[in-house]
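Report on the following structure.
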Amino acid sequence: MNLRNILLASTCAAIAGPAIADVNIYTTREPGLIQPVMDAFTAETGIPVNLSYINDGLVERLTAEGARSPADLVMTVDIANLKQIVDAGVVQAVESDVLNAAIPAELRSDENLWFGLTTRARIIYASKERVADGEVTTYEDLASDKWEGRICTRSGMHNYNLALLSAVIAHHGEDGARDWAAGIRENLARKPEGNDRAQVRAIWAGECDISFGNTYYMGGMLADPEQQAWADSVRIVFPTFEDGGTHVNVSGMAMTQSAPNRDEAVQLMEFLVSPEAQAIYAETNHEYPVLEGAARSELVASWGEFTPDTVDLNELAANRPVSVRITEEVNFDG
C-alpha cells in the first residue's frame, strides 16, 4: 500500500471512530506556531487538542509526574532536546506504517522513539552590501582568515551551534572539528551574544558581515515591522560541507511513557505527517516539510534550493558531548 492509501485509510478510520478523548501535548514551541495544524486535526476528526507550553524543565516535569502525567505527546525542536527526552526514559516507541512511510529514516529514531516533523537549515546570513554573491561557499571556508573580524554568532554552547559542530565532527573527526571551531572563534567580530536575530541586526548595523542562523528566522523578521530592515540587509546563503550538503536540524514529536489517550495521540501523529498538515505546519513556522512532495510556503521556496546533508541526526546527537568539550577547549565564548 502506498503512502497516499495509508494516509487515506488512517484518516477514514479516525473519522469513523468516536472521539473518546482529548490529546494533551507538552510543547516547547510557542502554541501559536502549532495551533493552526491542531485546529485542522480537530476539524477533521472531532478530537480536541490541548497545548501546554513549557519553556524550561520539560524533562523534569515529565519525570516528576511519572505515570500520572496527563501528557500524551511532546513536541520540541533540535535533536539534542529529542535525545534528552529519550535518554530520560519518559517516552515510548510508536509502531506506525504511516509514520515510517512518511518520514525519512534519518529524520526519526532507530527505535521509533521520536519522529521529525519539519526541518530547518543552519545557514549563513550575508550582508548584501559587503559580501559578494558566491563569496560564501562551504562551512569549512568560514574558518579561513579571509573572514577575520567578519563573523557574528550566538553562544557556541547553544544547541543550534553544538549541532552544527557535531556535523563538523561527523565530516572531519574530532581534531578537524577543534581546528574549525578555533578558526571560527578567531574570525569573530565580537564575543558571542544574543540569538540568531540579534546577529542579523549586527550585520544591519555594520558590526559584522555574516552570521550563522536558522532559515525560519528570516520569515519571523520579515513579519515584524521593527525587524524588516534587518532582514532586508541580508541574503540567505546555503553553505555545504566539502563532502556533503547543508546542515539541517529538526523539530519533532514523541509519545510520552504515560500517554493516557494513546490511540487518539497516534491518530494525531499520523495526521501531522499528512500532506495537508505538513503544508500548514511548514507555512506557519517557515520550515521545510519532512514529507517528500509536501508544499513549501511561497516565502520559503523563494530562498532557493539546497541539498541537505545526509549525516544521520542520531549521529549528531551522539557527537554532542564531544561538541561541548571542544567548545570549552577552544574558549569559543571567550
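Throughout the sequence shown, residue numbering follows mature numbering (1 follows the signal peptide of the UniProt record, and there is no 0), covering -21 to -1, 1 to 313 in sequence. C-beta: ideal position from N, C-alpha, C; glycine also.
Would histidine 265 pass as a contact of leucine 251 if the rule is Cβ separation under 8 Å? The residue given as residue 265 occupies position 286 in the sequence shown. The residue given as residue 251 occupies position 272 in the sequence shown. Judged by their CB atoms, histidine 265 and leucine 251 are not nearer to each other than the 8 Å cut-off.
What is the rounded straight-line gap between the Cα of proline 27 and the Cα of threonine 21? As a position in the sequence shown, residue 27 is number 48, starting the count at 1. As a position in the sequence shown, residue 21 is number 42, starting the count at 1. It is roughly 5 Å from the alpha-carbon of proline 27 to the alpha-carbon of threonine 21.
Quick check on DSSP: helix, strand or coil for arginine 99? Here residue 99 is taken as the residue at index 120 of the sequence shown, counted from 1. In the structure shown, arginine 99 sits in a strand (DSSP, three-state: E or B).
At a cut of 8 Å, does the stretch 2 to 18 reach the stretch 51 to 71 through at least three beta carbon pairs? In short, these stretches touch, since the Cβ pair count reaches three.
Is the beta carbon of threonine 219 closer than 8 Å to that of threonine 55? Here the question's residue 55 lines up with position 76 in the sequence shown. Here the question's residue 219 lines up with position 240 in the sequence shown. Cβ atoms of threonine 55 and threonine 219: not closer than 8 Å.
So who's on the other strand from methionine 234, going by DSSP bridges? Reading the sequence shown from its first residue, position 255 is the one you call residue 234. DSSP, once it has assigned bridges, lists Leu52, Gln71 as partnering methionine 234.
In three-state terms, what does DSSP make of isoleucine 130? Counted from its first residue, the sequence shown places residue 130 at position 151. Three-state DSSP puts isoleucine 130 in a strand.
Quick one: what's got a C-beta closer than 7 Å to valine 69's C-beta in the same chain, skipping five residues either side? As a position in the sequence shown, residue 69 is number 90, starting the count at 1. These residues qualify, in order along the chain: Val38, Leu41, Thr42, Thr235, Gln236.
Tyrosine 32 burial status per 10 Å Cβ neighbour count (16 or more: buried): Reading the sequence shown from its first residue, position 53 is the one you call residue 32. With fewer than 16 other Cβ atoms from the protein chains shown falling within 10 Å of its own Cβ, tyrosine 32 counts as exposed.
Can you give the Cα-Cα distance for arginine 101 and alanine 142, rounded to whole angstroms? Residue 101 sits at position 122 when you count from the first residue of the sequence shown. Residue 142 sits at position 163 when you count from the first residue of the sequence shown. Going by the C-alpha atoms only, they are around 9 Å apart.
For the candidate residues Ile82, Asn34, Gln14, Ala67, whose alpha-carbon lies nearest to that of glutamate 249? Here residue 249 corresponds to residue number 270 of the sequence shown, with the count starting at 1. Relative to the Cα of glutamate 249, the nearest Cα in the group Ile82, Asn34, Gln14, Ala67 belongs to Ile82.
Please classify threonine 286 as buried or exposed, where buried requires at least 16 neighbouring CB atoms within 10 angstroms. In the sequence shown, the residue the question calls residue 286 occupies position 307. Exposed, because fewer than 16 other Cβ atoms sit within 10 Å of the Cβ of threonine 286.
Would you mind sorting glutamine 257 into buried or exposed? The rule is 16 or more other CB atoms within 10 Å of its CB. Residue mapping note: residue 257 aligns to position 278 of the sequence shown, counting from 1. Counting Cβ neighbours within 10 Å, glutamine 257 comes out buried, since at least 16 surround it.
Kindly identify the DSSP beta-bridge partner or partners of asparagine 228. Here residue 228 corresponds to residue number 249 of the sequence shown, with the count starting at 1. For asparagine 228, which the question treats as bridged, DSSP gives the partners Arg99.
With a 10 Å radius around its C-beta and 16 neighbouring C-beta atoms as the bar for buried, classify glutamate 90 as buried or exposed. Position 111 of the sequence shown holds residue 90. Exposed.
Could you name the residues of the same chain whose beta carbon sits closer than 8 Å to that of glutamate 44, not counting the 5 residues immediately before and after it, in chain order? Taking the first residue of the sequence shown as position 1, residue 44 is located at position 65. Answer for glutamate 44: Ala50, Ser237, listed in chain order.
Measure the CB-CB distance between alanine 233 and isoleucine 64 and report whether it falls below 8 Å. Here residue 233 refers to the residue found at position 254 when the sequence shown is read from its first residue. Here residue 64 refers to the residue found at position 85 when the sequence shown is read from its first residue. Yes, Cβ-Cβ distance for alanine 233 and isoleucine 64 is below 8 Å.
For a quick check, are the C-beta atoms of threonine 132 and glutamine 178 less than 8 Å apart? In the sequence shown, the residue the question calls residue 132 occupies position 153. In the sequence shown, the residue the question calls residue 178 occupies position 199. Against a cut-off of 8 Å, the Cβ pair of glutamine 178 and threonine 132 comes out as a contact.
Look up serine 145 in the DSSP assignment and say whether it is helix, strand or coil. Sequence index remark: in the sequence shown, residue 145 carries index 166 (1-based). In the structure shown, serine 145 sits in a helix (DSSP, three-state: H, G or I).
Determine whether the beta carbon atoms of glycine 231 and threonine 289 lie at a separation below 8 Å. Counted from its first residue, the sequence shown places residue 231 at position 252. Counted from its first residue, the sequence shown places residue 289 at position 310. No, these two residues do not count as a Cβ contact at 8 Å.
Whole-angstrom C-beta distance between isoleucine 189 and valine 115, which should lie under 8 Å: Here residue 115 corresponds to residue number 136 of the sequence shown, with the count starting at 1. Here residue 189 corresponds to residue number 210 of the sequence shown, with the count starting at 1. That belief holds up - the Cβ atoms of valine 115 and isoleucine 189 are roughly 6 Å apart, short of 8 Å.
Check whether serine 273 and proline 254 have beta carbons under 8 Å apart: Numbered from 1 along the sequence shown, position 294 holds the residue referred to as residue 273. Numbered from 1 along the sequence shown, position 275 holds the residue referred to as residue 254. A small fix is needed here, since residue 273 is alanine in this sequence, not serine. Proline 254 is positioned such that its CB atom lies closer than 8 Å to that of alanine 273.
Take glutamate 221 as the anchor and find which of Ala149, Ala(-1), Gly128 has the nearest alpha-carbon. Position 242 of the sequence shown, counting from 1, holds the residue named residue 221. Of the listed residues, the one whose Cα sits closest to glutamate 221 is Ala149.
Glycine 155 to aspartate 124 span [Cα, whole Å]: Start at 1 with the first residue of the sequence shown, and residue 155 comes out as number 176. Start at 1 with the first residue of the sequence shown, and residue 124 comes out as number 145. The alpha-carbon of glycine 155 is positioned some 16 Å away from that of aspartate 124.
Tell me whether threonine 219 sits in a helix, a strand or coil according to DSSP, three-state version. Locating residue 219 in the sequence shown gives position 240, where the first residue counts as 1. Here threonine 219 sits in strand by DSSP.
Considering only the beta carbon of each residue, do valine 229 and threonine 98 sit closer than 8 Å? Numbered from 1 along the sequence shown, position 250 holds the residue referred to as residue 229. Numbered from 1 along the sequence shown, position 119 holds the residue referred to as residue 98. Their beta carbons are under 8 Å apart, which means valine 229 touches threonine 98 by this criterion.
What's the C-alpha gap between asparagine 293 and glycine 11? Your numbering for residue 293 matches position 314 in the sequence shown. Your numbering for residue 11 matches position 32 in the sequence shown. Going from the Cα of asparagine 293 to the Cα of glycine 11 covers about 29 Å.
For glycine 135, write down the residues that DSSP places opposite it in a beta bridge. For the purposes of this step, residue 135 is taken as residue 156 along the sequence shown, with counting starting at 1. None; glycine 135 has no bridge partner.
Could you give the C-beta distance for tyrosine 104 and isoleucine 163, rounded to a whole number, given that I count them as a contact under 8 Å? Reading the sequence shown from its first residue, position 125 is the one you call residue 104. Reading the sequence shown from its first residue, position 184 is the one you call residue 163. That belief does not hold up - the Cβ atoms of tyrosine 104 and isoleucine 163 are roughly 15 Å apart, past 8 Å.
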